[in-house]
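Student: Sharing a structure here in C-alpha cells format.
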Amino acid sequence: MQDRILYLWNTFYNGILRENPILRLMIGLCPTLAVSTSLTNSVGMGLATTFVLVCSNLTVSLIRPFVPSGMRIPVFIVVISTFVTTVDYMMLAYLPGLHASLGVFVPLIVVNCIILGRAEAFAYKNDALPAVLDGLGMGAGFLLAISLMGSIREILGNGTLLGISILGQSYNPVTLMILPPGAFLVIGFLMGALNMMTKKGAK
Amino acid sequence: MKKLADYALRLSIVCVAASGLLALVYQNTSGRIDENITKEKLEKARIVLLGRADEIKIMEYEGTEYFRGFAEGKPAGTVIETSGAGYGGPVRVLSGIGTDGKILDITVLSHKETPGLGSKAAEPAFKDQFRTKSPGDVDTITSATISSKAVISAVEEALVMYEKVKDAR
C-alpha cells in the first residue's frame, strides 16, 4: 500500500523537477519561447496545456485495450486535437481576452510534443490513475517553468508583473527580453541554474 | 487485409466519437462566442464615440457592418471598422467619427505586431493623436513605422467609407 502511494507520488513529482518537460526533457519549447512574454500569457498557456495533457493521458489510458499499437499514433492525434479544440472554444466563450493574447498558440497545443510524448511514453503503457497523475505532474512542471520565464521576461522587458508596474517609471525596459532572443537567454540561464542546483545536491 | 479493415473500423469509431464530442462543445459555446464578439465591438464603439451616444445601432453598407450612435434619437456619430497591413498581419482598427466628419477617437481591436515595438501603435500615446490631428499629420512611432502606418491607413480608409454612408438612415 505504502509502495503504491510512493509510486503514485513519484509519478506526479517526476514531471516537476527530475523530468521537467522544458528545463530537463527540453520538449514543448516552441510555445514556451513564443508565449512567455508575460506572466498572464504564461499561466494561461500552462493551464490550457495541462488541461489537454490530463484529458488526453486519461483518454489514451482508458482506450488502450481498444487501440492496437499499429494505429496508436493517429488515435492519439485525434484524441489530442479534440481536447485542444474544446479548450479553444471554451476560451473564446469564457476568456476572450486571454484567447486574443495567446492567438495562434492555442490551436498549436495540438503539436506540443509534451502531450504526444506523454501519451506515447506513459499513458499508453499505464493505468488511468498514474496516467492522470503523470499528466498533472508534467503539466505542473510546464506551468512552473513557463510562468518563471514569463515573470522574468515581463519584469525585465516591460517593468511590470501581471500588468502592474513594479520597477517604477524610472526603469528603462530592456525590450530585448520580450523579443525572441530574450526567450533564448532566459531559458538558457534557467537550465544552467537548475543543472547547477541539482549537481550540488548529488555531491 | 483483415487487419486493415479492423484498423479502419476502429479509427472511424474514434473519429465519430471525437466529432460527437466537438459538436456538443460547439453547440454549447457558439452562442456565447458570437455574443462576446458583438458585445466587445459595441462596448468599444461606445468608447470611440467618447460617450456621446446612448444607443448604438448596427448598420450595413454593401455587406460591411458599421455602427451608428444616437443620443436622444439624433445621430451622434458613426463607428467604422477597417484594417491596415501591419508587420505581422492585419491591424484591425475601430474609428469613431463625429457628425462633422472628423475623427473623435480610435481603438485597435486586434493586431499581431511585435510586442514592445509594433504593439505601441495600439497604445494611448500614439492613438490619442488621432483625436486632434488629421491622419496625415500623425507622428509615427520610432522603430514601429510599419505598424503606425497600418493604423493610419486604416483610419483613412474609415474616413473614405464614412463619406459613403454618412447620410444613410
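Protein chains in written order, with numbering that gives the first Met the number 0: chain A, 0 to 202; chain B, 0 to 168. Cβ coordinates follow ideal geometry from the N, Cα and C atoms, glycine included. Just so we're clear, the structure is a prediction, and the values are computed from it rather than from any experiment.
(1) In chain order, what residues of the same chain lie with their CB nearer than 8 Å to the CB of B/A120, ignoring the 5 residues before and after it?
(2) Check the DSSP bridge columns for B/F66 and list the partner residues they point to.
(3) Closest by CA to B/T209, which one among B/L48, B/I55 and B/D138?
(4) I'd like to know whether the C-beta atoms of A/S35 and A/M44 end up nearer to each other than 9 Å.
(5) Can you tell me which of the three DSSP states B/R51 falls into?
(6) Answer with buried or exposed for B/V13, where buried requires no fewer than 16 other C-beta atoms within 10 angstroms of its C-beta.
(7) Could you tell me which chain A residues have their CB closer than 8 Å to the CB of B/L21, listed as they occur along the chain?
(8) Tell me which residue opens and which closes the alpha helix (DSSP H) that B/S152 is part of.
(9) Could you give the distance in angstroms between the alpha-carbon of A/L5 and the alpha-carbon of A/A127?
(10) Provide the residue span of the alpha helix (DSSP H) that contains A/I154, from first to last.
(11) Just tell me which of A/F75, A/L57, A/G96 and A/G140 has its CA closest to the CA of A/F215.
(12) Would you identify the three-state DSSP class for B/G83, choosing helix, strand or coil?
(13) What are the residues of the stretch 120 to 138 of chain B that lie near chain A, defined by any Cβ-Cβ distance shorter than 8 Å?
(14) Please classify B/P89: does DSSP put it in a helix, a strand, or coil?
(15) Quick one, which residues of the stretch 97 to 117 of chain A are near chain B if we go by CB-CB under 9 Å, in chain order?
(16) Going by C-alpha to C-alpha distance, which of A/F65, A/I177, A/R71 and A/F50 sits closest to A/T85?
(17) Classify B/Y25 as buried or exposed, calling it buried when 16 or more other Cβ atoms lie within 10 Å of its own Cβ.
(18) Excluding the 5 residues flanking A/L160 on each side, which residues of the same chain have their C-beta closer than 7 Å to its C-beta?
(19) Is the CB of A/I177 under 9 Å away from at least one CB in chain B?
(20) Checking the sheet assignment: what are the DSSP bridge partners for A/I165?
(21) What first and last residue would you give for the alpha helix (DSSP H) that runs through A/V86?
(22) Per DSSP, what are the beta-bridge partners of B/G95 in this structure?
(23) Would you say A/P64 lies against chain B (beta-carbon separation less than 9 Å)?
(24) Would you call the stretch 53 to 72 of chain B and the stretch 129 to 139 of chain B touching, i.e. three or more CB-CB distances under 8 Å?
(25) What are the residues in the stretch 60 to 81 of chain B lying within 7 Å of chain A by C-beta distance?
(26) Among all the DSSP beta bridges, which residues are the ones paired with B/S109?
(27) Determine the DSSP secondary structure at B/K2, reduced to helix, strand or coil.
(28) So that I know if they touch, is there some Cβ in chain A lying closer than 9 Å to that of B/T39?
(29) Could you check how far apart the C-beta atoms of A/P106 and A/V83 are, in whole angstroms? I think they sit under 8 Å.
(30) Have a look at the DSSP bridge pairing and note the partners of A/L7.
(31) In angstroms with no decimal places, state the Cα-to-Cα distance between A/T31 and A/E119.
(32) Could you give the distance in angstroms between the alpha-carbon of A/V33 and the alpha-carbon of A/I163?
(33) Starting from A/A92, find everything on chain B with Cβ-Cβ shorter than 9 Å and list it in chain order.
(34) Of all Cβ atoms in chain B, is any one closer than 9 Å to the Cβ of A/N157?
(35) Who are A/L178's beta bridge partners in DSSP?
Tutor: For this structure:
(1) Residue 120 of chain B sits at position 121 when you count from the first residue of the second sequence. Around B/A120: G85, V90, V107, H110, E112, K126, I140, A143, S146, S147, A149 and V150.
(2) Taking the first residue of the second sequence as position 1, residue 66 of chain B is located at position 67. BP columns for B/F66 point to B/I57 and B/V78.
(3) There is simply no residue 209 of chain B to check, as chain B begins at 0 and stops at 168 in what is shown.
(4) Taking the first sequence and counting its residues from 1, the one referred to as residue 35 of chain A is at position 36. Taking the first sequence and counting its residues from 1, the one referred to as residue 44 of chain A is at position 45. Cβ atoms of A/S35 and A/M44: closer than 9 Å.
(5) Numbered from 1 along the second sequence, position 52 holds the residue referred to as residue 51 of chain B. In this structure, B/R51 counts as coil in the three-state DSSP scheme.
(6) Taking the first residue of the second sequence as 1, we reach residue 13 of chain B at position 14. It is buried - the Cβ of B/V13 has at least 16 other Cβ atoms within 10 Å.
(7) Locating residue 21 of chain B in the second sequence gives position 22, counting from the first residue. Neighbours of B/L21 on chain A, chain order: T81, T84 and T85.
(8) Your numbering for residue 152 of chain B matches position 153 in the second sequence. T144 to V164 is the extent of the alpha helix (DSSP H) around B/S152.
(9) In the first sequence, the residue the question calls residue 5 of chain A occupies position 6. In the first sequence, the residue the question calls residue 127 of chain A occupies position 128. Cα to Cα, the separation comes out at about 17 Å.
(10) Here residue 154 of chain A corresponds to residue number 155 of the first sequence, with the count starting at 1. Start and end: A127 to N157.
(11) Within the shown structure, residues of chain A are numbered from 0 to 202, placing residue 215 of chain A beyond reach of any answer.
(12) Reading the second sequence from its first residue, position 84 is the one you call residue 83 of chain B. Note: B/G83 maps to strand in three-state DSSP.
(13) none
(14) Stepping through the second sequence from its first residue, residue 89 of chain B is reached at position 90. Strand at B/P89.
(15) A99, G102 and V103
(16) Here residue 85 of chain A is taken as the residue at index 86 of the first sequence, counted from 1. Among A/F65, A/I177, A/R71 and A/F50, the Cα nearest to that of A/T85 belongs to A/F50.
(17) If you number the second sequence from 1, residue 25 of chain B lands on position 26. Flag for B/Y25 reads exposed.
(18) Counting from 1 along the first sequence, the entry for residue 160 of chain A is found at position 161. Correct list, in chain order: L38, S150, E153 and I154.
(19) Numbered from 1 along the first sequence, position 178 holds the residue referred to as residue 177 of chain A. Interface residue, yes.
(20) Residue 165 of chain A sits at position 166 when you count from the first residue of the first sequence. Its beta-bridge partners do not exist; DSSP assigns none.
(21) Position 87 of the first sequence, counted from the start, is the residue given in the question as residue 86 of chain A. That run of the alpha helix (DSSP H) goes R71 to Y93.
(22) Position 96 of the second sequence holds residue 95 of chain B. For B/G95, which the question treats as bridged, DSSP gives the partners B/V78 and B/D104.
(23) Taking the first sequence and counting its residues from 1, the one referred to as residue 64 of chain A is at position 65. False, the Cβ-Cβ gap to chain B never drops below 9 Å.
(24) no
(25) none
(26) Within the second sequence, the letter at position 110 stands for residue 109 of chain B. According to DSSP, B/S109 bridges with B/R91.
(27) Translated into the one-based positions of the second sequence, residue 2 of chain B becomes position 3. In this structure, B/K2 counts as helix in the three-state DSSP scheme.
(28) The sequence position of residue 39 of chain B within the second sequence is 40, counting from 1. Rather than Thr, the amino acid found at residue 39 of chain B in this sequence is Glu. Chain A, which has a Cβ nearer than 9 Å to the Cβ of B/E39, makes this yes.
(29) Here residue 106 of chain A refers to the residue found at position 107 when the first sequence is read from its first residue. Here residue 83 of chain A refers to the residue found at position 84 when the first sequence is read from its first residue. Right, their Cβ atoms sit about 7 Å apart.
(30) Sequence index remark: in the first sequence, residue 7 of chain A carries index 8 (1-based). A/L7 is not bridged to any residue.
(31) As a first step, residue 31 of chain A must be located in the first sequence, where it is residue number 32. As a first step, residue 119 of chain A must be located in the first sequence, where it is residue number 120. In a straight line, the C-alpha of A/T31 is about 21 Å away from that of A/E119.
(32) In the first sequence, residue 33 of chain A corresponds to position 34, counting from 1. In the first sequence, residue 163 of chain A corresponds to position 164, counting from 1. The question names Val, but residue 33 of chain A in the sequence shown is Ala. Between A/A33 and A/I163, the C-alpha separation is close to 21 Å.
(33) Against the first sequence, residue 92 of chain A aligns to sequence position 93. Simply N27, T28, S29, G30, R31, I32, E34 and N35.
(34) The residue given as residue 157 of chain A occupies position 158 in the first sequence. With 9 Å as the cut-off, A/N157 counts as an interface residue toward chain B.
(35) Here the question's residue 178 of chain A lines up with position 179 in the first sequence. Per DSSP, none; premise fails for A/L178.
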